[in-house]
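Input: a single structure, listed below in structure tokens.
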Amino acid sequence: MKRNRLLYGGLFLGVALSALLYGDALMFMTLYALVIMPLISLLFAFATLYGLRMKQQTAETTVVKGEAGRYVVTVHNSIYIGLGSIQCSFKEGNFAIETEATDRYIEIQPFMKPQQIHFNFTVKYWGIWQMGLDSIEMNDFLGLFRLRRKISQKFEIVAYPRITELEHMQLAVHLLSKAPANLVSAQEDYTDITDVRPYEPSDPIKKVHWKLTAKRGEWIVKNYQSSSLNSMAILVDSKKQTIYHEDRIKLEDTMIEHAVAVLRYCLRQQMPVDLLFGNHVRETGRHIGDFDPIYNVLANLSFTEEDFSVHDALVKYLNETSRNVNMVILTSKLDMPLYEQILNAVRFGHYIAVMYFEPKKMTRSSVSGAVFERLQSSGLNCVKM
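Dropping the structure here:
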């Protein structure tokens, strides 16, 4: 653009000088044309820029964290007089999304058919994120001016948490292995079949589904509804931490991913699960068939600044339960009231395990860090994630 302006300026000065020196009518006509042409070019660029129709769409509005998605931008010149080129600039600074979207140039011609630009993207963290064009810039056909138009239209992508097998999280398995619950569901109601699955070496022969085994040509066993009173409660601390935004998103993502892993592990073991978060919000699942609805609830969970206390949620749940419970608490904030309540619950025969998700830049002298050390020194089952 700088070169075009220099060339055009040099041409204008040359024609103007010739017109003044020789007074030739042709030179004056050329001079007038050189004055008018940039104005016409600017007018055409302005009309084209604001006459363009931009459409953004994606094949899916939900993706799983880490999986690739695809979206399309369609550019249509609806006024049929445009000349020049546009530059599409995409939303930047979103640390949660990786995309191959870079600035693209599209030549605009009269009667141009709609042009499509395809891009792949990957969402790195669980949550709801905005994507799309940030702006388009128009160069006039003389290359003298550049106009910019902000694009307000954006679309939202809901990133579901990644489903990770708990066996890959050794510390979490270690916590659950100490629970007094019957994780293999030895006590089962053999009149209530919940589903079937492939045979595993630890399965007793009486669980084999003989008809399906013969039909499929592979060993198939039945899953029965657990008749034991054992269950697992998962308490997720959904209070928003007042830390740097990017660190907070990573912290919440890790917490949700671990909650999903614990939930899936327990349900696959036919172990009833109560999922607790927020103020008095509870979801219950009894077998693996209940996983998807609860997973959707976790995917849309919002960490808020509302007055929420893990201590109060723990007290309320224990007061509503007439038996000893197994519970895993996932939290990024520990305090003395919670510490004392956990100790008190353990004394009464409850099993409480704590997954502490330490925020970045947390000092050793912080309250949460000191409480975690006290939990460890008390012999309680806790781990720092």
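To convert a position in the sequence shown, counted from 1, into this note's numbering, add 28. Here a beta-carbon is modelled for each residue, glycine too, at the ideal position from N, C-alpha and C.
Next on the checklist: What does the Cβ neighbour count give for Leu102, buried or exposed, with the cut at 16 atoms within 10 Å?
Outcome noted: First, the residue type needs correcting, since residue 102 is Thr and not Leu in the sequence shown. Exposed, since its Cβ has fewer than 16 Cβ neighbours within 10 Å.
Next on the checklist: So if DSSP puts Cys410 in a beta bridge, which residue, or which two residues, is it bridged to?
Outcome noted: Val382
Next on the checklist: Quick check on the burial criterion: 16 or more other C-beta atoms within 10 angstroms. Buried or exposed for Lys93?
Outcome noted: buried
Item to check | Given Ile179 as reference, the closest of Leu304, Ala261, Arg98 and Gly79 once Cα atoms are compared | outcome: The shortest Cα separation from Ile179 among Leu304, Ala261, Arg98 and Gly79 belongs to Gly79.
Item to check | the segment 228-243 contacting the segment 324-343, beta-carbon criterion three pairs below 8 Å | outcome: Because the criterion of three Cβ pairs below 8 Å is not met, the segment 228-243 and the segment 324-343 do not touch.
Next on the checklist: For a quick check, are the C-beta atoms of Gln144 and Lys182 less than 8 Å apart?
Outcome noted: no
Checklist entry - Mind checking whether Leu358 and His286 have CB atoms under 8 Å apart? => result yes
Checklist entry - Do you know offhand how far Ile370's Cα is from Gln297's? => result 26 Å
Next on the checklist: Assuming the contact rule is C-beta atoms closer than 8 Å, Val186 and Ala96 should be a hit. Round their C-beta distance to whole Å, please.
Outcome noted: That belief does not hold up - the Cβ atoms of Val186 and Ala96 are roughly 15 Å apart, past 8 Å.
Checklist entry - How big is the Cα-Cα spacing for Leu35 and Leu62? => result 12 Å
Checklist entry - So, Val43 versus Leu67, is the Cβ gap smaller than 8 Å? => result no
Item to check | Status (buried if at least 16 other CB within 10 Å, exposed otherwise) for Phe376 | outcome: exposed
Next on the checklist: If contacts are defined as beta-carbon pairs under 8 Å, then Leu172 and Asn32 qualify, I think. What distance do you get, rounded to the angstrom?
Outcome noted: 6 Å
Checklist entry - Roughly how far, in whole angstroms, is the beta-carbon of His315 from the beta-carbon of Leu291, given that I think they are within contact range, below 8 Å? => result The C-beta distance from His315 to Leu291 rounds to 12 Å, too long to meet the 8 Å contact threshold.
Checklist entry - DSSP state of Phe376, grouped into three classes? => result coil
Checklist entry - Nearest to Met82 by CA position, among Pro142, His237 and Arg276, is which residue? => result Pro142
Next on the checklist: Let me make sure I understand the geometry here. Which of Gly155, Lys412 and Val343 has the alpha-carbon closest to that of His378?
Outcome noted: Val343
Checklist entry - How many whole angstroms separate the CB atoms of Asp281 and Tyr153, which I take to be in contact at a CB cut-off of 8 Å? => result 4 Å
Checklist entry - Does the beta-carbon of Asp320 have 16 or more other beta-carbons within 10 angstroms, so that it is buried, or is it exposed? => result It counts as exposed.
Checklist entry - When DSSP builds the beta bridges, which residues end up paired with Ala96? => result Thr150
Checklist entry - Going along the chain, which residues of its own chain have a beta-carbon closer than 8 Å to the beta-carbon of Ser330, five neighbours each way excluded? => result Ser266
Checklist entry - Taking the alpha-carbon positions, what's the Gly155 to Tyr188 distance? => result 7 Å
Next on the checklist: Cutting at 6 Å between CB atoms, please list the residues of its own chain near Thr312, excluding the five before and the five after it.
Outcome noted: Asp302
Next on the checklist: Since Arg177 and Ile191 should fall inside the 8 Å C-beta cutoff, what is the C-beta to C-beta distance between them, to a whole number of angstroms?
Outcome noted: About 41 Å; that fails the 8 Å criterion.
Checklist entry - Which residues does DSSP pair with Thr90 in a beta bridge? => result Val186
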